[in-house]
Amino acid sequence: MKERTAQMRWEARTQGPLLVLAVVFGLAYAVPIVLPAAPAWVHRGSQLVEWTVWIAFAGDYLVRLRLAPHKWLFVRRHPLDLLAVLLPLVQPLRLLRVVSTLLLVGRRARMAPQITLTTYVAGAVAGLMMFGSLAVLAVERDAPDGNIRTLGDAVWWSFTTMTTVGYGDHAPTTGLGRVLAVGLMLSGIALLGVVTANIAAWFISRFERDDAEERRQTALLEALTQEVRELRAEVARLSAAPAAASGRPAVPPPGSPPGSATGSPH
């Protein structure tokens, strides 16, 4: 329990800084692509920032693994984290560092209790669209038959691809660009499914609440009606007792039918 508590404290302390580092990574990844004519030191600095952020996330994974009470169980429950840490080591491509950072950021964002589903989906859509646009622009801009040459073209292509509209006016022509397109399509379908399921769940819960409120009001009305019947019966009984003792006719309670009084003399 002590090790588990230490792991939870570490995750709570590093949640905010890692999200900030992810934003820094996004800027470092975007600058060389948006400004390809920038000085060489800008490109080297951006690459250094990218590797630094990845090292920070990899270090976070190793610390969480060390603090986990059951190491093998932790590895089995966090396969995407391990994959994100190992990807850049397999092949030093910037695209793999993008994928690994997105995986790690997404995992930590889902763990944050203060992040709602709506915020997570909106952030995932924005992040995927941004990185998808930049990645496809970097791959397709210098392709001989490519038609995605500007950032505007890349953003438009990412939007139509994620929404599965696919106008076809812009499309990747390289193998890596098409791999990016497949990943963006699957991500768009998954996020659309999450949004649709969330909306459907909201409507269902709203209908269930309305139905439960209606049943509650009906039950209260039936209980009140039963109480009124019992009170009228009690009033009639109390009115009949003195009349029977004195020999006078009982005064019927209000609303009683004629001839319902007891104790009339014969």
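Read left to right, the sequence shown gives residues 1 to 266 (my numbering). Here a beta-carbon is modelled for each residue, glycine too, at the ideal position from N, C-alpha and C. Just so it is clear, the structure is predicted and the values come from calculations on it, not from any experiment.
Item to check | Span of the alpha helix (DSSP H) around residue 153 | outcome: Position 153 of the sequence shown, counted from the start, is the residue given in the question as residue 153. Element bounds for residue 153: 151-162.
Checklist entry - What three-state label does DSSP hand residue 198 in the structure shown? => result If you number the sequence shown from 1, residue 198 lands on position 198. Reduced to three states, the DSSP call for residue 198 is helix.
Checklist entry - If we ignore side chains and look at the alpha-carbon of each, how far apart do residue 242 and residue 235 end up? => result Counting from 1 along the sequence shown, the entry for residue 242 is found at position 242. Counting from 1 along the sequence shown, the entry for residue 235 is found at position 235. Answer to the nearest angstrom: the Cα atoms are 12 Å apart.
Item to check | Contact set for residue 24: own chain, Cβ-Cβ below 8 Å, skip 5 residues either direction | outcome: Here residue 24 refers to the residue found at position 24 of the sequence shown. Within the same chain, residue 24 has close Cβ partners 49, 53.
Checklist entry - Hey, quick one: how far does the alpha helix (DSSP H) through residue 53 stretch, first residue to last? => result Stepping through the sequence shown from its first residue, residue 53 is reached at position 53. Residues 40-67.
Item to check | Own chain, CB closer than 6 Å to residue 139, minus 5 neighbours either side, in chain order | outcome: The residue given as residue 139 occupies position 139 in the sequence shown. 174, 176, 177, listed in sequence order.
Item to check | C-alpha gap between residue 184 and residue 136, whole angstroms | outcome: In the sequence shown, the residue the question calls residue 184 occupies position 184. In the sequence shown, the residue the question calls residue 136 occupies position 136. About 10 Å.
Next on the checklist: Classify residue 167: buried if its beta carbon has 16 or more other beta carbons within 10 angstroms, exposed otherwise.
Outcome noted: Here the question's residue 167 lines up with position 167 in the sequence shown. When all chains shown are included, residue 167 counts as exposed.
Checklist entry - Is there contact between the region 37-48 and the region 61-74, where contact requires at least three CB pairs shorter than 8 Å? => result no
Next on the checklist: Whole angstroms are fine: how far does the CA of residue 55 sit from the CA of residue 182?
Outcome noted: Sequence index remark: in the sequence shown, residue 182 carries index 182 (1-based). Sequence index remark: in the sequence shown, residue 55 carries index 55 (1-based). Distance between the alpha carbons of residue 182 and residue 55 is about 28 Å.
Checklist entry - When the Cα of residue 129 is compared with those of 76, 202, 143, 188, which residue comes out closest? => result In the sequence shown, the residue the question calls residue 129 occupies position 129. Checked all of 76, 202, 143, 188; the closest Cα to residue 129 is 188.
Next on the checklist: Please report the straight-line C-alpha distance between residue 218 and residue 229, rounded to a whole angstrom.
Outcome noted: The count along the sequence shown starts at 1 and reaches residue 218 at position 218. The count along the sequence shown starts at 1 and reaches residue 229 at position 229. Distance between the alpha carbons of residue 218 and residue 229: 17 Å.
Next on the checklist: With H, G and I counted as helix, E and B as strand and the rest as coil, what does DSSP make of residue 286?
Outcome noted: In the structure as shown, the chain starts at 1 and stops at 266, and residue 286 therefore has no counterpart that could be examined.
Item to check | Supposed contact pair residue 57 and residue 27 - C-beta distance, whole angstroms, cut 8 Å | outcome: Taking the first residue of the sequence shown as 1, we reach residue 27 at position 27. Taking the first residue of the sequence shown as 1, we reach residue 57 at position 57. Incorrect: roughly 16 Å between the Cβ atoms, too far for contact.
Item to check | residue 75: first and last residue of the uninterrupted alpha helix (DSSP H) it sits in | outcome: Locating residue 75 in the sequence shown gives position 75, counting from the first residue. 71-77 is the extent of the alpha helix (DSSP H) around residue 75.
Item to check | Whole-Å CB distance - residue 60 paired with residue 14, under 8 Å assumed | outcome: The sequence position of residue 60 within the sequence shown is 60, counting from 1. The sequence position of residue 14 within the sequence shown is 14, counting from 1. Indeed, because the Cβ distance is near 6 Å, the residues count as touching under 8 Å.
Item to check | Buried versus exposed call for residue 266 [16 or more other C-beta atoms within 10 Å across all chains shown] | outcome: Residue 266 sits at position 266 when you count from the first residue of the sequence shown. Here residue 266 scores only 45 on pLDDT, less than 50, and its place in the model is too uncertain to base an answer on.
Checklist entry - Just the Cα atoms here: how many angstroms apart are residue 91 and residue 37? => result Position 91 of the sequence shown, counting from 1, holds the residue named residue 91. Position 37 of the sequence shown, counting from 1, holds the residue named residue 37. Note that residue 91 scores 48 on pLDDT, short of 50, meaning its location in the model is unreliable; the coordinates nonetheless yield the value given after this. Going from the Cα of residue 91 to the Cα of residue 37 covers about 26 Å.
Item to check | Where residue 172 sits in the DSSP three-state scheme | outcome: To locate residue 172, count along the sequence shown from 1; it is residue 172. If DSSP states are grouped into helix, strand and coil, residue 172 belongs with coil.
Next on the checklist: Quick test of your reading: residue 34 and residue 151, contact by CB under 8 Å. State the CB separation rounded to the nearest angstrom.
Outcome noted: Counting from 1 along the sequence shown, the entry for residue 34 is found at position 34. Counting from 1 along the sequence shown, the entry for residue 151 is found at position 151. With 8 Å as the limit, residue 34 and residue 151 qualify as a contact, their Cβ atoms being about 6 Å apart.
Next on the checklist: Distance check for residue 160 and residue 10, CA to CA, integer angstroms please.
Outcome noted: As a working note, residue 10 is residue 10 in the sequence shown. As a working note, residue 160 is residue 160 in the sequence shown. Each residue's Cα considered, the two are about 40 Å apart.
Checklist entry - When burial is assigned at 16 or more other CB atoms within 10 Å of the CB, is residue 193 buried or exposed? => result Here residue 193 refers to the residue found at position 193 when the sequence shown is read from its first residue. The residue is exposed, with fewer than 16 neighbouring Cβ atoms inside 10 Å.
Checklist entry - Exposed or buried, which one is residue 231 when buried takes at least 16 other CB atoms within 10 Å? => result Here residue 231 is taken as the residue at index 231 of the sequence shown, counted from 1. Exposed: under 16 other Cβ atoms inside 10 Å.
Checklist entry - Using a Cβ-Cβ cut-off of 6 Å (strictly less than) and excluding sequence neighbours within five positions of residue 170, which residues of its own chain qualify? => result To locate residue 170, count along the sequence shown from 1; it is residue 170. Excluding positions up to five away in sequence, the list reads 147, 148, 153, 157.
Item to check | Residue nearest to residue 86 in terms of C-alpha spacing, selected from 198, 238, 51 | outcome: Locating residue 86 in the sequence shown gives position 86, where the first residue counts as 1. For the residues 198, 238, 51, the minimum Cα distance to residue 86 belongs to 51.
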